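Note sheet for the following structure.
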Amino acid sequence: MSKYLLLRHLEVPDLHNIKVYVKHGGFAGLKKAVTRLQPAQVIEEVKASGLRGRGGAGFPTGLKWSFLPNNLWPHYVVANADESEPGTFKDRELLERNPFQFLEGLAIASFAVKAHDAYVYLRGEFWQQAVFLDNCIVEMQKAGYLGDKLFGTPYSLRIHTHLGAGAYICGEETALLESIEGKIGQPRLRPPFPAVEGLYSKPTVINNVETLANLPFIIENGASKFCEYGTVKSPGVKIFSLSGRVNKPGNYELPLGATFRELIFGLGGGIPNGHKIKAIMQAGASSSIILADDKALDTPMDYESVAALGAQLGSASVIVIDDSVSLDWLINKTVHFFKHESCGKCTPCREGTYWMSHLTEKVLQKDRSAEDVQLLNTVARQMQNKCLCALGEFSIMAVMTAIERFPEDFTVTNGR
Amino acid sequence: MNQTAIKYAREIEALFAKYPEEHRQSAVMPLLHLVHQDNSFISKHAINDIAEIVGISTTEVASVVGFYTLYHDHPEGKYRFQICTDLSCALQGADEFLRALCAALEIDPGGTTKDGLITVEEVMCLAACDKGPLFQVQGKDGISYHERQTVESAMQTVQELREQEKHE
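Chains as they are written, first to last, in the numbering used here: chain C, 29 to 444; chain R, 292 to 459.
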């Protein structure tokens, strides 16, 4: 059995070549779905697999699909390839090196919800990946895996790419839909949810690239086989993007439930230059920051265990912080990011990120006061649960947890 | 006379086939990319043309140009070096890399070289966090990534672009 479910190109170097992909079992899942299963059976299988969204929210994939009404047509499927969370670079690797597994997954999802057009929304910076993906789509059409009457059945499917142009907020699913419609990427008020009123006001499923790449395995081998990986509540594998102060940064595929220690000190080779690990940001810039003590390092990386640490697994982009880094500097970086990326639609986020940025700059100065830190914390808390979408909520996570869990980095006598 | 419609007639036809007929506005972003790629910015004229092509107001197109960071509404360098200085890259020395590269080019961040060829911009995360410091080059060939960079390797790229320019 293969060592990998997703990063299979690490074992099969030319997997981005359609012939190689087919030779290694490619499109067997799609063929099985289209020729032997009903769409509802595909949805049931994915529900049974326990697969949850790998973009960050962790919502059960099969359940998401089942929300689409059967009296409104057409249905659309949109793949979210707007990967922009600082610290996250897994979808990019899949698009470049295992693109057909992702596209096969997208085709399976489309069949499951009876969609005949699917869109791949790539961040504008993924220009070369979009050109490459367009070629892959043409090759699939030529080989009969896309287009009219797949495998001799009445089912037809077309996949189109759409390039963004530099906006983190377009990873938020309703902002993404606005962007495909040719508008500025501002999130919509919900409800209605995209499952009922999505792209072009039609029922729409939006799934992350990595989520979709799991589907060929699940359909070909069955949900029970998939559940042999990971934990009971968080089945399957996950790609962990490891970066920051670590010897071997990169993408690592592990079953959900592997520990932080295995990732950072095992595969990642530990902390360079004789430094000690200080903190972990496991959901990129959106993380609640984890104090990296022994208890945290031995925590299984699954949705439930990370939540028990007062954090969230998110997109599993693990940024390692060593003891040479002061968190007042770090939150100035993350807040600057969110201020830049706030879409400006809702007041708490637009104004809150602006004022937090002003204050994190001030807190970095030598003459900061305890009131500056306190005011920063107050602004963050006043934003909580008041923003239109997750971006504003994400922006305060690092700020609040840094001040709470690393008070020594915010004292006024800290060598200043 | 809609110059943009004439110049990109074939591309426009293909774009309109990609989206439902009643949703031609979806072609706005791909059309802006085409214009930006050929001119390294988007002029008011082009904004008017695109509005006419897809059948929406000039203001709507201009707001899209203003919202997304890869669209620029005024001419700067022919190539934009966009350096990520976000958290993971900063932990790998991206801030120092930005300063040193700007010093080597004798410009400030956001500035353009005297020959008008290179503009250096500081940008947000580029999704290559294990390979910093890095930048992307936005120019007439679209966008390309340059990973694990030093000032020397970046200046090598600058030199190559300058040579290429001489031959054009």
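All C-beta atoms in this analysis are idealised placements derived from N, C-alpha and C, irrespective of residue type, glycine included. These numbers come from a predicted model, not from an experiment.
E379/C versus V407/C - alpha carbon distance: A direct Cα-Cα distance of roughly 10 Å separates E379/C from V407/C.
Sub-8 Å separation of Q383/R and P424/R beta-carbons: Yes, they are a contact pair.
Sequence-distant residues of its chain with Cβ nearer than 8 Å to M320/R (five each side left out): The residues V355 and Y359, in chain order, have a CB closer than 8 Å to that of M320/R in the same chain once the five nearest residues on each side in sequence are set aside.
Length of the line joining the Cα atoms of G226/C and T202/C: Straight-line Cα distance between these residues: approximately 7 Å.
Residues near V363/C in its chain [Cβ-Cβ closer than 6 Å; skip 5 each side]: Sequence-distant partners of V363/C (beyond 5 residues in either direction) whose C-beta falls short of 6 Å from its own C-beta, in its chain, are M384, S385 and T388.
Interface flag, L378/R vs chain C, CB-CB below 8 Å: Yes, because at least one Cβ of chain C sits closer than 8 Å to the Cβ of L378/R.
C417/C, DSSP secondary structure in three states: C417/C: coil per DSSP, three-state reduction.
Closest by C-alpha distance to P127/C, when choosing among G90/C, D145/C, R186/C and V237/C: For P127/C, the closest of G90/C, D145/C, R186/C and V237/C by C-alpha to C-alpha distance is V237/C.
Proximal residues, the stretch 403-437 of chain R versus chain C, C-beta separation under 7 Å: Hits within the stretch, in order: M415, C416, L417, A418, A419, C420, D421, Q427, G433, I434 and S435.
Classification of S397/C by the beta-carbon crowding that lies within 10 angstroms, buried from 16 upward: Classification for S397/C: exposed.
Unbroken stretches of the beta strand (DSSP E), 3 residues or longer, contained in the stretch 205-280 of chain C: Contiguous beta strand (DSSP E) elements confined to the stretch 205-280 of chain C occur at 232-236 and 265-272, taking only those with 3 or more residues.
Limits of the alpha helix (DSSP H) - the one that T410/R falls within: T410/R -> not in any alpha helix (DSSP H); beta strand (DSSP E) instead, spanning I409 to V414.
CB contact check: A146/C to chain R, cutoff 8 Å: With 8 Å as the cut-off, A146/C does not count as an interface residue toward chain R.
Neighbour flag for Y32/C against chain R, beta carbons, 8 Å: Contacts with chain R at 8 Å (Cβ-Cβ) do not include Y32/C.
Min CB distance T116/C to chain R below 8 Å: It does; some Cβ of chain R falls within 8 Å.
Interface positions of the stretch 196-212 of chain C facing chain R (Cβ-Cβ less than 8 Å), listed along the chain: Listed by position, the residues of the stretch 196-212 of chain C near chain R (Cβ gap below 8 Å) are Y196, S207, I208, E209, G210, K211 and I212.
Reference G368/R; option with closest CA among Q440/R, L325/R and L396/R: If we check each option's Cα against that of G368/R, L396/R comes out closest.
Listed by chain order, chain C residues near P366/R by CB distance under 7 Å: Near P366/R there are no residues of chain C at all, since even the closest Cβ is about 18 Å away, more than 7 Å.
Minimum C-alpha distance to L65/C - residue among R289/C, G250/C and V348/C: When each option's Cα is compared against that of L65/C, the closest is G250/C.
Endpoints, the beta strand (DSSP E) within which L146/C is located: Per the sequence shown, the amino acid found at residue 146/C is Ala instead of Leu. First-last of the beta strand (DSSP E) with A146/C: D145 to L150.
Residue span of the alpha helix (DSSP H) that contains M384/C, given as start and end: DSSP places M384/C in the uninterrupted alpha helix (DSSP H) bounded by T375 to V391.
C-beta neighbour in chain R for A336/C, strict 8 Å: The Cβ of A336/C sits no closer than 8 Å to any Cβ of chain R.
Three-state class that DSSP yields for R186/C in the structure shown: Strand at R186/C.
Backbone secondary structure at N108/C - three-state DSSP: DSSP places N108/C in strand when its eight states are reduced to three.
Within 8 Å, strictly: CB atoms of Q412/C and I431/C: Q412/C places its beta carbon 8 Å or farther from that of I431/C.
Rounded C-alpha distance that separates S18/C from F293/C: No statement about residue 18/C is possible, as the shown extent of chain C runs from 29 to 444 and does not include it.
Test: Q169/C CB closer than 8 Å to a CB of chain R: For Q169/C, the nearest beta carbon of chain R is not closer than 8 Å to its own beta carbon.
Residue-level contact to chain R via CB, T362/C, 8 Å cutoff: Put simply, the CB of T362/C is near chain R, with a gap under 8 Å to one of its CB atoms.
Test: S112/C CB closer than 8 Å to a CB of chain R: Chain R contact via Cβ: present.
Three or more C-beta pairs below 8 Å linking the stretch 204-218 of chain C and the stretch 113-130 of chain C: In short, these stretches do not touch, since the Cβ pair count stays below three.
Closer than 7 Å at the beta carbon, the chain C residues around F358/R: Under the 7 Å cutoff, chain C gives A195, I212 and G213.
6 Å Cβ shell around L191/C - same chain, five flanking residues per side excluded: Non-local beta-carbon contacts of L191/C in its own chain, meaning distances under 6 Å to residues more than five positions away in sequence, involve L150, G152 and A158 in chain order.
For R80/C, the three-state DSSP class (helix, strand or coil): R80/C: strand per DSSP, three-state reduction.
At least 3 beta-carbon pairs within less than 8 Å: the stretch 50-67 of chain C vs the stretch 245-264 of chain C: Using a C-beta cut-off of 8 Å, the stretch 50-67 of chain C makes contact with the stretch 245-264 of chain C, since at least three inter-stretch Cβ pairs fall below that distance.
Chain R within 8 Å of H285/C, Cβ atoms only: First, the amino acid is wrong: residue 285/C is Gly here, not His. Chain R, which has no Cβ nearer than 8 Å to the Cβ of G285/C, makes this no.
Alpha helix (DSSP H) segment containing M320/R, residue limits: According to the DSSP assignment, M320/R belongs to the alpha helix (DSSP H) that extends over V319 to N330.
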